[in-house]
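Chains as they are written, first to last, in UniProt numbering: chain W, 1 to 235; chain L, 1 to 235.
Here a beta-carbon is modelled for each residue, glycine too, at the ideal position from N, C-alpha and C.
There are 2 protein chains.
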Amino acid sequence: MEEGSAQDRLRRFIEGGGYGVGDRLPPERQLIAELGMTRTALRKGLEALEREGAIWRHVGKGTFVAGVASEVAAMEDTGEAQPPAIPAPLMDLGRQITPLRMMRARLCIEPAIAREAAANASTEAITRVRLAMERANAATSWRDYEAQDDLFHRAIAEATDNPMLLAVFDQMNQVRRVVIWGNLERESARPAHDHSSFGEHTAVTNAIAERNPAAAYEEMRMHLRSVSRRLFDEE
Amino acid sequence: MEEGSAQDRLRRFIEGGGYGVGDRLPPERQLIAELGMTRTALRKGLEALEREGAIWRHVGKGTFVAGVASEVAAMEDTGEAQPPAIPAPLMDLGRQITPLRMMRARLCIEPAIAREAAANASTEAITRVRLAMERANAATSWRDYEAQDDLFHRAIAEATDNPMLLAVFDQMNQVRRVVIWGNLERESARPAHDHSSFGEHTAVTNAIAERNPAAAYEEMRMHLRSVSRRLFDEE
DNA sequence: AAATCGGATTGGTTGCGATTGATCTTATGG
DNA sequence: CCATAAGATCAATCGCAACCAATCCGATTT
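Next up, the structure:
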């Protein structure tokens, strides 16, 4: 029979088998038959190949031949196995930015926007903010809440009466949608958003309505920190 | 046969299928036949597209490609939320924004960025900030100073180690170049920028180098207020 | 003409079984 | 005693199908 280490035989099998980047290899239980080796030996070889970045494996999906290193990282993040191929300009940003960085950016910008809103909001703008808040609080599904929450924050950006700040907010928001939220969230298991957001939204809205910039800043910061806590630590 | 992830194939189908904003896509059960993919895979792609705001779906209605026009209609019909508008062309923004609003926006954002920079700057980043500061201080002509000052502020945005914040800064900076500066303007041969900026730049840089976020915030705010005062005479 | 009802359509959700990599247990041999 | 082989088991994923809920459309009724 053929000779060489398990790793070598595997490598020959892959390179000589016409497998290209992204292709899926036969499952382990089939490979041990084709290569005539034991499963432990096979897996030892696979582990070696995985360490050097030649392949990529995942439970329930299979074993895939990997491409460049960066590609591999991207795959691991998204759980998807494909090249980027996103046309839009901001999309690239979305792939570069980690959820944590996104959150830091929001914590950096949005409280300042809330303060500016409190300083400059017209009474109509305040009404719109309050309306958006009520819609967010009235949301039934998680998806709906997410969307309404977006609109609430945007209403605040509008209330600054400053198109530049609104544009900044929109840019950030658009990138946020593309950010790969990795493992966090999306389990859709209704965190029952315990209405801690409810109170926070009201606090922010009231601070703006009372034209209290410092309070608006602080309440928005609290709200975002609470969101951040829900996303990251806490389990 | 076609390749790529479900999301990519879907995107190609929409963009290459002559679907315009607001158009309705075929129902899922038909799409899986046309695209030859599983419903699970299809829905996975649809979810991704929805999250980045490319489409919009609703039970009993169907799946629609998103856009500004359909947004309003959808909003009126269902009262539900939809992806907010795509960032407006920067040129138009430049015409809408008054110099005063631009300045307020800078005062709103840049101190926060400076604070974030102080908290996150690597030693290399600090070096680059210091270098940019020295170049700005060494500028001889007003034009040169303006350009170097831009780079100084951008170096700070870079020092945040957050691509999102850098993108926000760039966007704002881009608009700033287009803003009509009306009367208050540059030709005024800026009398040797009295070196008040010199001290301010140094103060900001030092605060960042000392990793003192609060000081960085305050110094940057002072600097911008000083710039503002010079522009508008009086605040 | 307006209101109401029922079926058809459509996105959303759930449960089951199969596949597959990961891990544990047991047996074998040196 | 240790390493390996062999098998069982676990956990993640996927495909499939049925079912649910919102919507739409047309017929029927009033």
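In the structure shown, residue 62 of chain L adopts extended strand secondary structure according to DSSP, grouped into three states. The criterion of a C-beta distance shorter than 8 Å is not satisfied by residue 220 of chain W and residue 164 of chain L. Counted as a single uninterrupted DSSP element, the alpha helix (DSSP H) harbouring residue 227 of chain L occupies residues 213-232. The continuous alpha helix (DSSP H) containing residue 204 of chain W extends over residues 196-209. Residue 65 of chain L has its alpha-carbon roughly 5 Å from the corresponding atom of residue 21 of chain L.
DSSP, read as helix, strand or coil, puts residue 113 of chain L in helix. Around residue 153 of chain L, the same chain offers 110, 169 and 173 as residues with beta carbons nearer than 8 Å, after the five sequence neighbours per side are excluded. Boundaries of the alpha helix (DSSP H) around residue 137 of chain L: 123-138. With fewer than 16 other Cβ atoms from the protein chains shown falling within 10 Å of its own Cβ, residue 140 of chain L counts as exposed. Shown here, residue 156 of chain L sits in a helix according to DSSP, grouped into three states. Taken through DSSP and simplified to helix, strand or coil, residue 14 of chain W comes out as helix.
Nearest CB-CB separation between residue 167 of chain W and chain L: below the 8 Å threshold. Going by DSSP, residue 97 of chain L is part of no alpha helix (DSSP H) at all; its letter is neither H nor E.
Contacts between residue 112 of chain L and chain W, judged by CB atoms closer than 7 Å, involve 108, 109 and 112 in chain order. Contact between residue 216 of chain W and residue 118 of chain W holds, since their C-beta atoms are separated by about 4 Å, short of 8 Å. Taking 8 Å as the cut-off, the Cβ atoms of residue 155 of chain W and residue 128 of chain W count as close. Counting along the chain, the unbroken alpha helix (DSSP H) around residue 40 of chain L starts and ends at 39-51. Judged by DSSP secondary structure, residue 33 of chain W falls within the alpha helix (DSSP H) whose first and last residues are 28-35. Taking a Cβ-Cβ threshold of 8 Å, the residues of chain W close to residue 175 of chain L are 164 and 167, in chain order. The C-beta of residue 12 of chain W has fewer than 16 other C-beta atoms within 10 Å across all chains shown, which makes the residue exposed. Each residue's CA atom was taken as its position, placing residue 232 of chain L and residue 198 of chain W some 41 Å apart. Beta-carbon to beta-carbon, residue 136 of chain W and residue 201 of chain W are separated by about 6 Å, close enough to satisfy the 8 Å threshold.
Contact annotation for residue 102 of chain L against chain W: 164 [CB-CB distance below 7 Å, chain order].
The beta carbon of residue 167 of chain L is closer than 7 Å to none in its chain, skipping five residues each way along the sequence.
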